[in-house]
Structure formats: C-alpha cells, structure tokens
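Read the structure below first, then the notes.
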Amino acid sequence: MTIQDFTTKSQPNWCPGCGNYGIITALKQALVELKINPKNTVIVSGIGCSSKLPHWVKTFGFHSLHGRGLPIAQGIKLANPKLTVIAVGGDGDGYGIGMAHFIHALRRNIDLLYIVHNNGVYGLTKGQIAPTGQIGFISPTTPFGSIEEPINPIKLAMGAGGTFIARGFADQIEHLKDLFISGIKHSGFGFIDVLQPCIAFNKINTREWYKEKVYLLKTMPKNYTEAVKLAQEKTKIPLGIFWQKKTKNYDELYQVLNSKN
Ligand code: SF4
Numbered sequence: 179m180t181i182q183d184f185t186t187k188s189q190p191n192w193c194p195g196c197g198n199y200g201i202i203t204a205l206k207q208a209l210v211e212l213k214i215n216p217k218n219t220v221i222v223s224g225i226g227c228s229s230k231l232p233h234w235v236k237t238f239g240f241h242s243l244h245g246r247g248l249p250i251a252q253g254i255k256l257a258n259p260k261l262t263v264i265a266v267g268g269d270g271d272g273y274g275i276g277m278a279h280f281i282h283a284l285r286r287n288i289d290l291l292y293i294v295h296n297n298g299v300y301g302l303t304k305g306q307i308a309p310t311g312q313i314g315f316i317s318p319t320t321p322f323g324s325i326e327e328p329i330n331p332i333k334l335a336m337g338a339g340g341t342f343i344a345r346g347f348a349d350q351i352e353h354l355k356d357l358f359i360s361g362i363k364h365s366g367f368g369f370i371d372v373l374q375p376c377i378a379f380n381k382i383n384t385r386e387w388y389k390e391k392v393y394l395l396k397t398m399p400k401n402y403t404e405a406v407k408l409a410q411e412k413t414k415i416p417l418g419i420f421w422q423k424k425t426k427n428y429d430e431l432y433q434v435l436n437s438k439n
C-alpha cells in the first residue's frame, strides 16, 4: 500500500492553506500504515467543506445529507461488519443538525471511526458561526458577536458514554495519523475531534492561535475525572487520547444476544 493507492485523479478544491489538507493527508497515511485495502473501506460524509473529503480518497464513499453521515455509516457497518467504515464531517454538520445522531452513535458503540473537522464556522455557506464558535465571534448570523458558550465536544462525548475520545490538530499530521490509527483499531465507536483553521472565515482561531495553545498529552488521563478536567482546559488545549474504554461493541453484543435466543 502507498499513498498513491488512496489518491484520486481529481484534486481537492479547498482554499489553499485550509486545515482540511492536513486531515486528508493524515488519514491516507493511517490507511497506508494499517495496510487497509481501499476496496474494503468506505468513507461517509455529511455536508460542508470537510464533507467533500470522500471525493478525494480512493476508497468507496458516500457524500450524504447535512448531519446524516453517522446513521448511514452505522447502517453500512451493520450491513457488512468486515468493512472499515469512517465517517467525516464538520462541527456544524456533526454538532449542529447532526448532534442527536452523534450522541446516539456514542452510546450505541458501533465499530467505526468518526472524524470531526472542527473549525468553528460553516465554511461552505460563507462563515456563519457553528456550535464550537467562540464567544465574541462576529459572523453573518452574529453581527454583534456571539454571546453563546461554545460546545465542548470532548466533554460531551465523555458524558454520552463514548469509548474512544481524542483530539488532534490538523497541522500536527504525524500525531493526527497516530490518533487515526488508534481510532480505527479501537473496537467500538472511535471519535476524534480535529481542530482545523478555516483561513477564509475564522479570524479568531487562526493557525497561529492554535499553535500557541495546543500541546500534546504525554499519557492518557488516569481516570474519567481527570479526563473531564483536561477536556475543560481553556488557556491551553491538550491534544491526544482523553478516554478509551474496552467494552463489547455493537456487533459483539448482537452475537451474544443471538446466541441466547
Ligand atoms: Fe477550508 Fe474554510 Fe476554505 Fe472551507 S472555507 S475550504 S473550511 S478554509
């Protein structure tokens, strides 16, 4: 397997400098390192800039509806558990209109990886604030600056019973690749929030802003309480695996149930 095996003839048309480029590179590298056959891989997305990703990775793909990538990804995995299934989307897609699907996917624990490109804006529709947008963010829908507390995806996933919860940064490709590998290997629902600069519309969370704030966790938090505490850090932003719990995934639970009937 090489990167070429996952590279399509058509090239991404994201804005030059967009964080999506780092995410797609890390994802291809992870698939190569895991020696995953592109023919046994499906990437599913919702709607948004990041949701164009399945067009540019040479696997099977499904560019679906706004906020609906997760139910389709779960359906694909249930229909054929042998496939490697990866769902991608933005924070507007996954933490806005798709929020209920996200919470249920976390508790359902079907064996797939969900990557959220988190840039705080709806980039495709010209920069309206999204659920992770910061207080004070001025956008077409918040002309005087947002007064709403942004969603904390890591804390939310912890509360909803996630079994693999991590955060990466689009510019730290090597680290991100390792997170993707761990997320794909995890038996159950892997969730990775990826901080990503939108150079066109987010003038608060810029590349430089992130670079000053992010740092790598040396080890995974010792327990749930420590993980939640770290997830709430604001001055600095920790990157890495916050929480991983070994538990039976959906497929295994289904087999247990079936053997009893
Ligand atoms: Fe990336 Fe923002 Fe451009 Fe969309 S609008 S491609 S998120 S930089």
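Per our numbering, the very first residue in the sequence shown carries number 179; after that it's consecutive. Note that the Cβ used here is the ideal one computed from N, Cα and C, for glycine as well.
>> On a Cα-Cα basis, can you pick out the residue from 421, 378 and 305 that is closest to residue 161?
In response: Residue 161 is absent from the structure shown; the chain starts at 179 and stops at 439.
> Residues with a Cβ closer than 5 Å to any heavy atom of ligand 1, in chain order?
Replying inline: Going by the Cβ distance cut-off, the answer is 192, 193, 196, 227, 301, 376, 377 and 378.
> Apart from the five residues on each side of it in sequence, which residues of its chain come closer than 6 Å, Cβ to Cβ, to residue 427?
Replying inline: Numbered from its first residue, the sequence shown carries residue 427 at position 249. Residues of the same chain with a CB within less than 6 Å of the CB of residue 427, apart from the 5 flanking positions on each side, are 287, 289, 365 and 366 in chain order.
> With 16 other CB atoms within 10 Å as the buried threshold, where does residue 417 fall?
Replying inline: As a position in the sequence shown, residue 417 is number 239, starting the count at 1. Buried, because 16 or more other Cβ atoms sit within 10 Å of the Cβ of residue 417.
> Going by C-alpha distance, which of 306, 249, 410 and 398 is nearest residue 381?
Replying inline: As a working note, residue 381 is residue 203 in the sequence shown. Here the closest residue by C-alpha is 306.
> Using the rule of at least 16 other Cβ atoms within 10 Å of the residue's Cβ for burial, across every protein chain shown, is residue 342 buried or exposed?
Replying inline: Residue mapping note: residue 342 aligns to position 164 of the sequence shown, counting from 1. Residue 342 should be labelled buried.
>> For residue 287, list the residues DSSP reports as bridge partners.
In response: Here residue 287 refers to the residue found at position 109 of the sequence shown. In the DSSP output, where bridge partners are listed per residue, residue 287 has none listed.
> Does DSSP put residue 406 in a helix, in a strand, or in coil?
Replying inline: The residue you call residue 406 lines up with position 228 of the sequence shown. DSSP places residue 406 in helix when its eight states are reduced to three.
> Using the C-alpha atoms, what's the distance from residue 272 back to residue 291?
Replying inline: Here residue 291 refers to the residue found at position 113 when the sequence shown is read from its first residue. Here residue 272 refers to the residue found at position 94 when the sequence shown is read from its first residue. Residue 291 and residue 272: Cα-Cα distance of roughly 13 Å.
>> Using CA atoms only, rank isn't needed, just tell me which of 352, 335 and 227 is closest to residue 344.
In response: For the purposes of this step, residue 344 is taken as residue 166 along the sequence shown, with counting starting at 1. Checked all of 352, 335 and 227; the closest Cα to residue 344 is 335.
> How about residue 388 and residue 414: do their beta carbons lie closer than 8 Å?
Replying inline: As a working mapping, residue 388 is identified with position 210 in the sequence shown. As a working mapping, residue 414 is identified with position 236 in the sequence shown. Not in contact: residue 388 and residue 414 (Cβ atoms no closer than 8 Å).
>> So within the region 326–410, which uninterrupted alpha helix (DSSP H) runs reach at least 4 residues, ignoring any that extend past its ends?
In response: Listed in chain order, the complete alpha helix (DSSP H) runs (minimum 4 residues) inside the region 326–410 are 331–337, 351–363, 385–391 and 402–409.
> Bridge partners of residue 436, per DSSP?
Replying inline: Start at 1 with the first residue of the sequence shown, and residue 436 comes out as number 258. Residue 436 pairs with nothing; no bridge assigned.
>> Closest to residue 191 by C-alpha separation, out of 276, 227, 360 and 204, would be which residue?
In response: Stepping through the sequence shown from its first residue, residue 191 is reached at position 13. Nearest C-alpha to residue 191: 227.
>> My assumption, with CB atoms under 8 Å, is that residue 370 sits in contact with residue 379. Please give the rounded CB distance.
In response: Position 192 of the sequence shown, counted from the start, is the residue given in the question as residue 370. Position 201 of the sequence shown, counted from the start, is the residue given in the question as residue 379. In fact, because the Cβ distance is near 23 Å, the residues do not count as touching under 8 Å.
> Could you give the distance in angstroms between the alpha-carbon of residue 436 and the alpha-carbon of residue 255?
Replying inline: Counting from 1 along the sequence shown, the entry for residue 436 is found at position 258. Counting from 1 along the sequence shown, the entry for residue 255 is found at position 77. Cα to Cα, the separation comes out at about 18 Å.
> Going by beta carbon distance, what residues of the same chain come within less than 6 Å of residue 209, once the five residues before and after it are set aside?
Replying inline: Residue mapping note: residue 209 aligns to position 31 of the sequence shown, counting from 1. Correct list, in chain order: 184.
>> The beta strand (DSSP E) that contains residue 267, what's its start and end?
In response: The count along the sequence shown starts at 1 and reaches residue 267 at position 89. Run containing residue 267: 262–268, per the beta strand (DSSP E) assignment.
> If we count Cβ pairs, one from each stretch, closer than 8 Å, do we get three or more for the region 246–265 versus the region 312–328?
Replying inline: No, they do not touch.
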